[in-house]
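If you read the sequence shown in the working numbering, its first letter stands for residue 2, the second for the next number, and so on. These notes are about the structure you will find just below.
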Amino acid sequence: MIDLKSLSILDMLPDNLKRDPNIAAAAKALDSSLQGLSEQIMKLPRFQRLDQLNDDEADELAWQFHVDFYDPDLPIEQKRELVKNAFLFHRRKGTPAAVEELIEILFGTGQVEEWFEYGGEPGYFRVRTTDQSATNERAQEFIRAVDSVRRLSAHLESVILEETIQANDLYFGGTLHIGEFITIG
């Protein structure tokens with residue numbers, strides 16, 4: 002196997018041409034150009050290095066892959082995740098799983114509940130999340146993200162923000178009394 006990074010034209014020449022000083026000098030002169038090209042060639046397989054994309058590359062791939070919810074102002078880690086999952090989103094678009102995956106990438110956690118799971122109106126769903134940033138500051142961003150992957154016939158009814166608190170020294174008790182009344186008459 003030939004390693005493009007260390008490839009030298011001089012190494013590929015037959016022995017009789019290697020001994021010619023003019024040809025050897027020309028081969029060495031072309032090696033620097035070849036090294037520059039090989040560095041650019043290594044940048045081509047972006048799928049192999051999605052975890053190392055820079056901002057410009059992520060923006061370009063998001064445009065090429067038609068990532069529905071994409072904001073150039075997002076942190077680079079979220080951009081990379083959106084680009085990595087672009088084909089998966091298109092394949093699962095319109096499913097609760099697609100909504101959940103997008104919410105997890107952008108907001109950390111989230112769970113979709115269909116209308117029949119909580120007794121709502123047909124065609125509606127709600128999202129449960131523990132991400133505190135899913136409130137007023139990012140509400141429009143959150144709704145736009147959900148709208149980009151939901152079914153057109155499904156409507157977001159509500160976003161439930163759950164909060165877990167640490168309760169130290171919390172005590173809980175209960176009693177049960179079983180008895181019978183007898184009336185003699």
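Just so it is clear, CB atoms sit at the ideal spot from N, CA and C, and this is done for glycine as well.
Judged by DSSP secondary structure, S149 falls within the alpha helix (DSSP H) whose first and last residues are A140 to V150.
In this chain, the alpha helix (DSSP H) harbouring F117 covers W116 to Y119. Cβ-Cβ separation between P97 and F126: approximately 7 Å, consistent with a contact (criterion under 8 Å). Here the alpha carbon of T165 sits roughly 16 Å from the alpha carbon of Q112.
The Cβ neighbour count for K80, taken over all protein chains shown within 10 Å, is at least 16; the residue is labelled buried. Counting C-beta pairs closer than 8 Å gives fewer than three between the region 115-131 and the region 62-71, which falls short of the contact rule. Per DSSP, the unbroken beta strand (DSSP E) holding R127 starts and ends at Y125 to T130. Of all alpha-carbon atoms in L89, F70, G37 and Q53, the one lying nearest the alpha-carbon of S149 is that of F70. According to DSSP, L157 shares a beta bridge with F126. In the DSSP assignment, D12 falls within the alpha helix (DSSP H) that extends over I10 to M13. Relative to the Cα of S159, the nearest Cα in the group W116, A99, L31 and L38 belongs to W116. With a threshold of 16 other beta carbon atoms within 10 Å, E82 meets it and is buried.
DSSP places D56 in the uninterrupted alpha helix (DSSP H) bounded by D56 to Q65. Apart from the 5 residues on each side of it in sequence, L31 sits with its Cβ closer than 8 Å to the Cβ of I10 in its chain, given in chain order. In the structure shown, V100 adopts helical secondary structure according to DSSP, grouped into three states.
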